[in-house]
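Inspection log for the structure reproduced underneath, given as structure tokens.
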Amino acid sequence: MSAERFFHLAELLNHDLTGGEILFAHLGAESSDFVRLNRNRIRQSGHVSVTSLDLTLIAGARQAAGGCDLSGEAHQDRARARQLLARLRERLAHVPDDPYLNYSTEPSESLRQQTECTDCMPDAASAIGELTAAATGLDLVGIWASGEIHEGLASSLGHRHWHQSNSFNLDWSVYLEADKAVKATYGGMAWEAETLRRKLAEMRAGLTIMARPARELEPGRYRAYLAPSAVQELMQLLAWGGFDLKSRRTLQTPLLRMARGERTFDPRIDIYEECGRGLVADFTPEGFVMPPRVDLIAEGRLAQCLVDARAAKEYGEPVNAAGPDPRSLGMAPGHLESARVLEELGTGLWIGHLWYSNWSDPNECRVTGMTRFGTFWVEDGEIIEPVKVMRFDDSLYHLLGDRLEGITREPELMLSAQTYDGRSTESQLLPGLLVAGIDLTL
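Written out as structure tokens, the structure reads:
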């Protein structure tokens, strides 16, 4: 559905409002190609085109919300939307006042469409053809997702917002034997075949080393390099209550000791939310316009919180986010060249991925999880052999704080592969980290 058709539908619904009713209409749509691979062969492919409409009807301090799918046929969609509006009006009479109801009363407009590089996106067939050709002889399993995502917002108060992005994401693993495999991702808004070939060449080199007998380490503290994909696992966990206002005010945040001024990260750590990256919409379902960037950690210390509409009403703060969790997280790069990581590491662990992470002691910002899918032992700047799967248990106050030695200069963009409620637009832009030690427990 185009922006014009959506805004026209919303205007028709506005004519059906009575009394002092206020209506917010939110549209989500995608046109996506999906391909599943196994043993480096296409096992399933398909195209998904879906459009959904969510309505929020407000009267005084009461609200009722619901949604329906749209077919693309104007008359039918109009009937469905009007029927949904009628059901919400019936429901509204029976709901209590919402003390945290909060919506923008100031009309605003925006239009953001990814049009500057229409030739940067490959079609699924071409991309998968390049992948399978470059991965000849490998036992590769993975999923490809690509296409356009649209999001729109209109209200009876005059809000008109439209966002369109076009992206791809390839998430794959190459299996060797038993628990030996290497994993990689490649996603973004501009396809580069050379990047794919480089990643596959790195995987082949990793598999050659993975075929060697694995080293079994004793529990203890080891010097380590955490690749961006390993840092991503830590950031996803930290995002769980680490940055939103409500968690901070209710003392449920894993950064509680930092909030109390007792602990800090290294001054080189800057973490931010960046909806200006272009993958997520820069407006909320309640009509608030989000800033292009929100600094969450600045020079190792707490900065701003993510404040969604309900938390803003509860605590009297301005809205700067659509929800409590970051959707476009980033970490500032450092000065360590990726090509010199092994040299700087010297002897220790090269950790490609972390797995099954969880909080072991959130009050101390302590995380536990497993090393998996590409962890190697390095001696004198040279990768020697794979390492058997180990459990780590360490505090982010150490890994991002007093044991941090270096941050790579070249961050990596990693897109979410989740598709439960449609293709996710979440992403993280993260560097790798060199640390003086990470604690392995068993």
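In terms of my numbering, the sequence shown has 344 at position 356, counting the first letter as 1, and numbering is strictly consecutive.
Cβ atoms here follow ideal geometry from the backbone N, Cα and C, with glycine treated the same way.
Decide yes or no for the touch test of the segment 127 to 134 against the segment 61 to 78: beta carbon pairs closer than 8 Å, at least 3 of them.
no
Could you tell me which whole alpha helix (DSSP H) segments of length 4 or greater appear in the segment 151 to 208?
181 to 198
Output the distance between the C-alpha atoms of Ala172 and Lys187, rounded to the nearest integer angstrom.
Your numbering for residue 172 matches position 184 in the sequence shown. Your numbering for residue 187 matches position 199 in the sequence shown. The straight-line gap from Cα to Cα measures roughly 7 Å.
If we ignore side chains and look at the alpha-carbon of each, how far apart do Thr335 and Glu206 end up?
Translated into the one-based positions of the sequence shown, residue 335 becomes position 347. Translated into the one-based positions of the sequence shown, residue 206 becomes position 218. Answer to the nearest angstrom: the Cα atoms are 15 Å apart.
For Leu387 and Gly318, what's the separation of their Cα atoms in angstroms?
In the sequence shown, counting from the first residue as 1, residue 387 sits at position 399. In the sequence shown, counting from the first residue as 1, residue 318 sits at position 330. Rounded to the nearest angstrom, the two C-alpha atoms are 17 Å apart.
Determine the closest residue to Leu195 out of Glu373, Arg27, Ser235 and Cys56, with distance taken between C-alpha atoms.
Reading the sequence shown from its first residue, position 207 is the one you call residue 195. Considering only alpha carbons, the answer is Glu373.
Measure how close the beta-carbons of Ala112 and Ser96 come, nearest whole angstrom, since I'm counting them as under 8 Å.
The residue you call residue 112 lines up with position 124 of the sequence shown. The residue you call residue 96 lines up with position 108 of the sequence shown. Not confirmed; about 36 Å, so no contact.
Is Gln32 helix, strand or coil by DSSP?
Position 44 of the sequence shown, counted from the start, is the residue given in the question as residue 32. Note: Gln32 maps to strand in three-state DSSP.
Excluding five sequence neighbours on each side, which residues of the same chain lie with their C-beta closer than 8 Å to the C-beta of Ser161?
Within the sequence shown, residue 161 is the residue found at index 173, counting from 1. Correct list, in chain order: Leu128, Val129, Gly130, Ala169, Val170, Lys171, Ala172 and Phe361.
Might you give, ordered along the chain, the residues of its own chain that have their beta carbon closer than 6 Å to the beta carbon of Ser432, omitting 5 neighbours on each side?
Examination of residue 432 is not possible in this model, given that the chain is present from -11 through 430 alone.
Can you give the Cα-Cα distance for Asp65 and His14, rounded to whole angstroms?
Start at 1 with the first residue of the sequence shown, and residue 65 comes out as number 77. Start at 1 with the first residue of the sequence shown, and residue 14 comes out as number 26. His14 has its alpha-carbon roughly 14 Å from the corresponding atom of Asp65.
What first and last residue would you give for the alpha helix (DSSP H) that runs through Arg298?
One-based indexing of the sequence shown puts residue 298 at position 310. Element bounds for Arg298: Ala297 to Tyr303.
I need the DSSP call for Ile257, collapsed to helix, strand or coil.
Against the sequence shown, residue 257 aligns to sequence position 269. If DSSP states are grouped into helix, strand and coil, Ile257 belongs with coil.
Is the segment 249 to 258 touching the segment 384 to 399 in the sense that three or more CB pairs, one from each, lie closer than 8 Å?
In this structure the segment 384 to 399 touches the segment 249 to 258; the number of beta carbon pairs closer than 8 Å is three or more.
With DSSP as the reference, please indicate the residues paired to His147 in a beta bridge.
Locating residue 147 in the sequence shown gives position 159, where the first residue counts as 1. Answer is none; His147 lacks a bridge partner.
Can you find the residues in the same chain that come closer than 6 Å, C-beta to C-beta, to His164, ignoring five residues on each side of it along the sequence?
Reading the sequence shown from its first residue, position 176 is the one you call residue 164. The residue you asked about is not His; residue 164 is Leu in the sequence shown. Within the same chain, Leu164 has close Cβ partners Leu195 and Met198.
Does the Cβ-Cβ distance between Gly230 and Thr241 come in under 7 Å?
Start at 1 with the first residue of the sequence shown, and residue 230 comes out as number 242. Start at 1 with the first residue of the sequence shown, and residue 241 comes out as number 253. In this structure, Thr241 lies closer than 7 Å to Gly230 by Cβ.
Could you tell me the distance, in whole angstroms, from the CA atom of Ala431 to the CA atom of Cys263?
One cannot answer for residue 431 here, as it falls past the ends of the chain, which runs -11 to 430.
If you drop the 5 nearest sequence neighbours on each side, which residues of the same chain put their C-beta closer than 6 Å to that of Asp42?
Position 54 of the sequence shown, counted from the first residue, corresponds to residue 42. Here the set comprises His14 and Gly55.
Going by the CB atoms, is the gap between Pro279 and Asn308 shorter than 7 Å?
Stepping through the sequence shown from its first residue, residue 308 is reached at position 320. Stepping through the sequence shown from its first residue, residue 279 is reached at position 291. A contact, by the Cβ cut-off of 7 Å.
Please identify the residue among Leu417, Asp159, Lys376 and Ala121 whose C-alpha is closest to the C-alpha of Arg24.
Taking the first residue of the sequence shown as position 1, residue 24 is located at position 36. Minimum Cα distance to Arg24 is reached at Asp159.
Distance check for Ser114 and Leu428, CA to CA, integer angstroms please.
Translated into positions along the sequence shown, residue 428 becomes position 440. Translated into positions along the sequence shown, residue 114 becomes position 126. Rounded to whole angstroms, Leu428 to Ser114 spans 43 Å at the Cα level.
In terms of residue numbering, what span does the alpha helix (DSSP H) encompassing Glu221 cover?
By 1-based counting over the sequence shown, the position of residue 221 is 233. Counting along the chain, the alpha helix (DSSP H) containing Glu221 begins and ends at Pro216 to Leu226.
Looking only at its own chain, which residues have a Cβ that is under 6 Å from the Cβ of Leu58, when we skip the five neighbours before and after it?
The residue given as residue 58 occupies position 70 in the sequence shown. Around Leu58: Thr39, Leu41 and Asp65.
Can you round the beta-carbon distance between Tyr210 and Leu333 to whole angstroms, since I take them to be within the 8 Å contact cut?
The count along the sequence shown starts at 1 and reaches residue 210 at position 222. The count along the sequence shown starts at 1 and reaches residue 333 at position 345. That belief does not hold up - the Cβ atoms of Tyr210 and Leu333 are roughly 10 Å apart, past 8 Å.
Report the residue from Glu398, Arg200, Ala202 and Ala(-9) whose alpha carbon sits nearest the alpha carbon of Glu325.
As a working mapping, residue 325 is identified with position 337 in the sequence shown. Residue Glu398 is the option with its Cα nearest to Glu325.
What three-state label does DSSP hand Leu0 in the structure shown?
Position 12 of the sequence shown, counting from 1, holds the residue named residue 0. Leu0: helix per DSSP, three-state reduction.
Can you tell me where the beta strand (DSSP E) holding Arg391 begins and where it ends?
The residue you call residue 391 lines up with position 403 of the sequence shown. Secondary structure note for Arg391: it is in no beta strand (DSSP E), with a DSSP letter that is neither H nor E.
Which of the three DSSP states is assigned to Val23 in this structure?
Reading the sequence shown from its first residue, position 35 is the one you call residue 23. Strand at Val23.
Taking Ser59 as part of the alpha helix (DSSP H), name the residues at either end of that continuous run.
As a first step, residue 59 is located in the sequence shown; it is residue number 71 there, counting from the start. Run containing Ser59: none; DSSP gives neither H nor E here.
Between the Cα of Tyr385 and those of Ala53, Leu290 and Gly304, spot the shortest distance and give me the residue it belongs to.
Looking up residue 385 in the sequence shown gives position 397. Minimum Cα distance to Tyr385 is reached at Leu290.
Go ahead and pull the three-state DSSP assignment for His386.
In the sequence shown, residue 386 corresponds to position 398, counting from 1. Here His386 sits in helix by DSSP.
Which residue wins for smallest C-alpha separation from Leu5, given the options Ser235, Arg31, Ile46 and Gln101?
Locating residue 5 in the sequence shown gives position 17, where the first residue counts as 1. Closest by alpha carbon: Ile46.
DSSP state of Gly283, grouped into three classes?
Residue 283 sits at position 295 when you count from the first residue of the sequence shown. Correcting the residue identity first, residue 283 is Asp in this sequence and not Gly. Of the three classes helix, strand and coil, the one that applies to Asp283 here is strand, per DSSP.
Whole angstroms is fine: what's the gap from Ser20's alpha carbon to Glu250's?
Numbered from 1 along the sequence shown, position 32 holds the residue referred to as residue 20. Numbered from 1 along the sequence shown, position 262 holds the residue referred to as residue 250. If you take the alpha carbons of Ser20 and Glu250, they lie about 47 Å apart.
Tell me which same chain residues have a C-beta within less than 6 Å of the C-beta of Val277, skipping the five on either side of it?
Here the question's residue 277 lines up with position 289 in the sequence shown. So the list reads Ser96 and Phe271, once near-sequence residues are dropped.
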